[in-house]
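Visitor: For the first sequence, the residue numbers in full-length UniProt numbering are 1 to 638.
Backbone N, C-alpha and C fix where the C-beta goes; we use that ideal spot for every residue, glycine too.
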Amino acid sequence: MEQLIINGIAEAVKSLYGVELEASRIALQPTKKEFEGSLTFVTFGLTKQLGKNPVEIGEAIGNYLKENVDAVADFNIVKGFLNLVISDSVWVTTLAQLVEDENYGRVARNGEKVMVEYSSPNTNKPLHLGHLRNNFLGHSVSLILDAAGYDVQKVNLVNDRGIHICKSMLAYVKFGNGETPSATVKGDKLVGNYYVAFDKAYKKEIAQLISDKQSDYPSLSAVEDVKALKKAIEAKGASKKNKIPLTEEEKVQIKDIKALLEYAEKNAPLLLEAQEMLRKWEAGDKETVALWEKMNGWVYEGFAQSYKMMGVEFDNVYYESQTYLLGKDIVQEGLDSGVFFKKENDSVWIDLKKEKLDEKLVLRGDGTAVYMTQDMGTADLKYKDFGMTKSVYVVGNEQDYHFKVLKAIMKHLGRSYADGIYHLSYGMVELPEGKMKSREGTVVDADDLIQEMIDTAEERTKESGKIDGFSDKEASVLFKQLALGALKYYLLKVDPKKTMLFNPQESIDFQGDTGVYIQYNHAKIQALLRRADKDGINYTTSTFKDLTELSNAESDLVALLGKMNDKITESADAYAPSIIANYAFDVAKQYSKVYSESPIFNEEDEAKKAFRIALSAQSAKAINNALALIGVQSPERM
RNA sequence: GGUCCGAUAGCUCAACUGGAUAGAGCAACUGCCUUCUAAGCAGUAGGUUCCAGGUUCGAGUCCUGGUCGGAUCACCA
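(1) Buried or exposed for Thr-288, please, with buried defined as at least 16 other CB atoms from any protein chain shown within 10 angstroms of its CB.
(2) Where does Lys-241 land, buried or exposed, given buried means 16+ other C-beta within 10 angstroms?
(3) If you draw a straight line from the alpha carbon of Lys-200 to that of Pro-635, how long is it in whole angstroms?
(4) With C-beta atoms as the reference, is Phe-585 less than 8 Å away from Ile-630?
(5) My guess is that Tyr-195 and Lys-167 are in contact by the Cβ rule of under 8 Å, so how many angstroms apart are they, rounded?
(6) Do Gln-153 and Asp-315 have their CB atoms nearer than 8 Å?
(7) Spell out the partners DSSP gives residue 675 in its beta bridges.
(8) According to the neighbour-count rule (16 or more other Cβ atoms, all chains shown, within 10 Å of its Cβ), is Lys-96 buried or exposed?
(9) By the DSSP assignment, the beta strand (DSSP E) with Leu-361 in it spans what residues?
(10) Do Glu-313 and Tyr-307 have their C-beta atoms closer together than 8 Å?
(11) Alpha carbon to alpha carbon, what distance is there between Ile-57 and Thr-47?
(12) Would you report the Cα separation of Gln-49 and Ala-73, rounded to the nearest angstrom?
(13) Between which two residues does the beta strand (DSSP E) harbouring Thr-373 extend?
(14) For Ala-372 versus Lys-360, is the C-beta distance shorter than 8 Å?
(15) Determine, using beta-carbon pairs with one atom in the stretch 115–133 and one in the stretch 266–283, whether at least three such pairs fall under 8 Å.
(16) Evaluate Glu-554 with the Cβ neighbour count: other Cβ atoms within 10 Å of its Cβ, from every protein chain shown; 16 or more gives buried, anything less gives exposed.
(17) What residue range does the beta strand (DSSP E) around Phe-470 cover?
(18) Can you tell me the Cα-Cα spacing of Val-348 and Pro-30, whole angstroms?
(19) Counting only the same chain and skipping the five closest in sequence on each side, list residues whose C-beta sits under 8 Å from that of Leu-209.
(20) Just to confirm my understanding: we take Met-310, look at its own chain, exclude 5 residues before and 5 after, and list those with CB closer than 6 Å. What are they?
(21) Going along the chain, which residues of its own chain have a beta-carbon closer than 7 Å to the beta-carbon of Lys-343, five neighbours each way excluded?
(22) Using beta-carbon positions only, say whether Lys-382 and Met-638 come within less than 8 Å of one another.
(23) Would you kindly report the start and end of the unbroken alpha helix (DSSP H) that includes Ile-57?
(24) State the DSSP-derived secondary structure class of Lys-241, mapped to helix, strand or coil.
(25) CA-CA distance, Lys-545 and Tyr-393?
(26) Thinking C-beta only, is Gln-214 closer than 8 Å to Ile-233?
(27) Counting C-beta neighbours from all protein chains within 10 Å, is the total for Ser-239 16 or more, i.e. buried, or is it exposed?
(28) Within its chain, find whatever has a CB closer than 8 Å to the CB of Leu-357; leave out the 5 residues flanking it on each side and keep chain order.
(29) Over what stretch of residues does the beta strand (DSSP E) that includes Asp-346 continue unbroken?
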């Protein structure tokens, strides 16, 4: 319908002023609610080209449209804004079209392939709140891209090897006493505990080494607590405005402290053992590999449970243990072609100073792979596996630099897919107390959080007495739907790029701008539809097509429902589930208004009654579609 | 210090890519359940869009310079 009017405006300008105007340059916007009308055309943009003032142009185009375009019933002009009043019968027709559109909520296939990598867990760390944002985002973006016409492949890249993994393995060997996962401790938690245990023991060793070796440094011999001194000295230089110059003694001290700390950190027996274990693992030592497999198995079982609860899944999983050696060939290739260069110690680099990205290491001097080496290899592997034109990496914004470099490198190497690399960089999730710090125990565990949400949902639902007649099974399904709906909506309604605040109180709120509010409207409509069916009411499009009068709230709702597919495209282009989440809320809110304004079953006019039921049904469809795209289920009753 | 990102109502977030008097929710206050689900609806109050310049018919949005906050700049991942 908008297209119809845009064409009309183009025609009007042509016939009135003899000027050809590209349709793409004509943009309509919704009319602000304090003015009459539904769509607005801004005429300021044409003043120069046409040599008339904005009001004159608006007047002329308005008249032309009223005469020649049936949909336009009337118009008014405020300054340079031409507000078009669309006749109600047009909105009635629009709804009928939406109802009959089999592709509502699904854009035509575009034949393009896109891969979305998300989750990418570290097997030492149980999933926490930050991972929830990642998983929900990645999963939702995959669903949205699919709805927008892409062929989507969802993948996970598991970080299952490296020195940090050996740390938890070592701790398990030393302090594990053969513990295995149980009903109270799932596998990923168990392994995570040993990672923490390692860190604790390691810190102790460092402290011991520091006190043993302190006497080697004359400047520190009289110092009681070197770490405290380090902090004190650094604090002097920290403040920009009140920088306090260091004394000569302090300069020596800080230098010695740094040397001492580095010595202690690198020579703690536990770390040396972990490094030895990594060497064994890389050499394929049977015992080490067996332990690694056993512990990883536990982790995967634990993760699988969490993923299932979150409702996310993958088409393919990559393991770093299988990809970390890839990329070395690419380094050679880059050396041969002159994209990379070697430094004296045989380390390999790329010079990206021209792109303001500085020099970056792509292979260590001893020939071992770094993160970048691995990612280059994985990029090639992904392309070989799936042949996509776009490759999305859902990774936090602390890795912005890394992905800029990765993309630049692949471009320099002439990879055809390089331009399609997109880092979906999302902001951190902060708590009211500030950032989550594992050391300070402020990390919000994903499993715990979800369970708390479910408990809250149960409590609130029981309070409201809305589940009379539910079986226990139905009730528990509902609690889960509400809990995850609340959580996902809360995390996804915010623009992914932005750092967001997670307020535990607000997240479990069920009022206002929340997932539950949207779900509630869906359930309310389903109840209506059940009654309509029971009463045998026919509300197919033919029953209301001749209706000519609607309320403003109703026509606004139809207009909103008509935007479904545009929103999907918009949100896919921006990789932003927040657009869909906000759309779902807008529809629910507008529906809620319509619902409260006009009764349905007491309506005497049969056409109106049928229209309202059809409008309700279509709203439920829109809500259901939009929520599904952010991974949220719509309950039939609640 | 270099680079990148952010700053909008007391709080959490929007603002269709430069359009009208910047909108929602929460919190506060006022109405509305004898009528299809009140997890709801309607209303009141709340703003120097961090600051200073600039670009133009028009700037929260674009440009320049600042302030404040965050990230990153490892032969870690």
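Guide: Judging by the given coordinates:
(1) Buried is the call here.
(2) Reliability fails at Lys-241, whose pLDDT of 49 lies under 50, so the model's placement of it is uncertain and no value is given.
(3) Cα-Cα distance, rounded: 46 Å.
(4) Taking 8 Å as the cut-off, the beta carbon of Phe-585 is found no closer than this to the beta carbon of Ile-630.
(5) The beta carbons of Tyr-195 and Lys-167 sit about 6 Å from each other, so the pair counts as a contact at 8 Å.
(6) It is a contact, given that the beta carbons lie within the stated cut-off.
(7) Summary: the structure shown does not reach residue 675, with the chain confined to residues 1 through 638, and so no result is reported for it.
(8) It is worth fixing the name first, because residue 96 is Ala in this sequence and not Lys. That one is buried.
(9) Judged by DSSP secondary structure, Leu-361 falls within the beta strand (DSSP E) whose first and last residues are 358–363.
(10) Contact flag set, yes.
(11) A direct Cα-to-Cα measurement between Thr-47 and Ile-57 gives close to 8 Å.
(12) Using only the alpha carbons, I get a separation of about 28 Å.
(13) Where Thr-373 is concerned, there is no enclosing beta strand (DSSP E), although the alpha helix (DSSP H) it sits in stretches over 371–386.
(14) The sequence given here places Met at residue 372; Ala does not occur at that position. Yes, these two residues count as a Cβ contact at 8 Å.
(15) The stretch 115–133 makes no contact with the stretch 266–283; the number of CB pairs closer than 8 Å stays below 3.
(16) The residue in question, Glu-554, is buried, as its Cβ has 16 or more Cβ neighbours within 10 Å.
(17) Careful: Phe-470 lies outside any beta strand (DSSP E) and carries neither H nor E.
(18) Spanning the alpha carbons of Val-348 and Pro-30 requires a straight line of approximately 56 Å.
(19) Correct list, in chain order: Tyr-263, Ala-264, Asn-267, Ala-268.
(20) For Met-310, where only same-chain residues beyond five positions count, the Cβ hits under 6 Å are Asn-135.
(21) Excluding its 5 nearest sequence neighbours in each direction, Lys-343 has C-beta neighbours in its own chain below 7 Å: Trp-349, listed in chain order.
(22) No. Outside cutoff.
(23) Per DSSP, Ile-57 belongs to the alpha helix (DSSP H) from 54–68.
(24) The predicted position of Lys-241 is uncertain, since its pLDDT is 49 and thus under 50; no value can be drawn from it.
(25) Lys-545 and Tyr-393 have their alpha carbons spaced roughly 47 Å apart.
(26) No. Outside cutoff.
(27) Because the pLDDT at Ser-239 is just 49, under 50, the model does not fix this residue reliably, and the value given afterwards should be weighed accordingly. That one is exposed.
(28) Counting only Cβ-Cβ distances below 8 Å, and skipping sequence neighbours, we find Tyr-401, Lys-404, Val-405, Ala-408.
(29) No beta strand (DSSP E) contains Asp-346, which DSSP labels as neither H nor E.
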